[in-house]
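Trainee:
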Amino acid sequence: MPEEQSEHYRLLFLDNPVAILEEDYSKVKTAIDKLKARKISNFSNYFDMHPETVEELRKSTIITDVNSAALKLYNAESKNDFIISIDNFFTGDSSHFFKEQLIIIAEGGGSFKAELKNRALNGEILNIFISINFPATKEEYRHIPVTIIDIGKGRVYSKRRENLYRIQDQYL
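Note that the sequence shown covers residues 136 to 307 in the numbering used here.
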């Protein structure tokens with residue numbers, strides 16, 4: 136059975152062409168539960184009034200695993216290289232998107248999906264689509280899969296293809 140699980144893990148995670156991270160949000164969930172115990176109910180307003188809390192909670196998330204597609208996308212040489220460089224990936228709009236994640240967690244879990252910009256280690260700006268499913272139970276917050284798709288390259292190829300069709304139509 137352990138061999139089957141190992142192979143299953145390798146196929147789903149390590150060899151997947153989609154960038155996948157595993158993150159531990161348990162400290163975030165605990166902090167939000169403490170805010171709820173203080174009778175805070177409008178988390179959007181609370182986080183607007185306390186941006187330092189958003190930043191503290193962002194820094195409390197822990198990347199526990201990264202697949203090879205994520206390393207390639209972000210131009211990282213190793214898992215450790217990726218993890219120690221995580222703060223370099225964020226751009227100006229990153230805190231806004233993390234605030235949205237916090238609100239989803241505060242509301243009991245659910246799906247977060249967004250198009251945003253990140254920065255690779257070589258400085259390249261990445262246009263990505265990120266998807267995270269937050270569970271309903273606290274115990275599951277230690278192993279949150281995060282999928283990331285580079286949508287920028289797809290759009291570039293799509294525009295190139297459209298331009299080629301346009302040129303082709305002019306000459307045919």
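Quick reminder that beta carbons are idealized off the backbone N, C-alpha and C, glycines included.
Bear in mind that the values here come from a model prediction, so they are computed numbers and not experimental data.
Would you call methionine 136 buried or exposed, if buried means 16 or more other Cβ atoms sit within 10 Å of its Cβ?
Mentor: Here the model assigns methionine 136 a pLDDT of 49, short of 50, so the residue's position is not dependable and the matter cannot be decided.
Trainee: With DSSP run on the structure shown, which of helix, strand or coil describes glutamate 191?
Mentor: Of the three classes helix, strand and coil, the one that applies to glutamate 191 here is helix, per DSSP.
Trainee: Thinking C-beta only, is isoleucine 284 closer than 8 Å to isoleucine 263?
Mentor: Yes, Cβ-Cβ distance for isoleucine 263 and isoleucine 284 is below 8 Å.
Trainee: Excluding sequence positions up to five away, which residues of its chain have a Cβ less than 6 Å from the Cβ of serine 246?
Mentor: Asn268, listed in sequence order.
Trainee: If you follow the beta strand (DSSP E) that glutamate 157 is part of, which residue opens it and which one closes it?
Mentor: Where glutamate 157 is concerned, the enclosing beta strand (DSSP E) stretches over 154 to 159.
Trainee: Quick check: what's the CA-CA separation for arginine 173 versus asparagine 180?
Mentor: About 15 Å.
Trainee: Considering only the beta carbon of each residue, do leucine 256 and alanine 211 sit closer than 8 Å?
Mentor: Their beta carbons are under 8 Å apart, which means leucine 256 touches alanine 211 by this criterion.
Trainee: Check whether the region 149 to 160 touches the region 187 to 207, taking contact to mean three or more Cβ pairs, one atom from each stretch, closer than 8 Å.
Mentor: Counting Cβ pairs under 8 Å, three or more are found: they touch.
Trainee: Just grab the DSSP bridge partners of alanine 249 for me.
Mentor: Ile265, per the DSSP bridge assignment.
Trainee: Relative to the C-alpha of isoleucine 286, which candidate in Thr272, Arg193 and Asn253 has its C-alpha closest?
Mentor: When only C-alpha atoms are compared, the closest one is Asn253.
Trainee: Distance check for leucine 208 and histidine 231, CA to CA, integer angstroms please.
Mentor: Straight-line Cα distance between these residues: approximately 22 Å.
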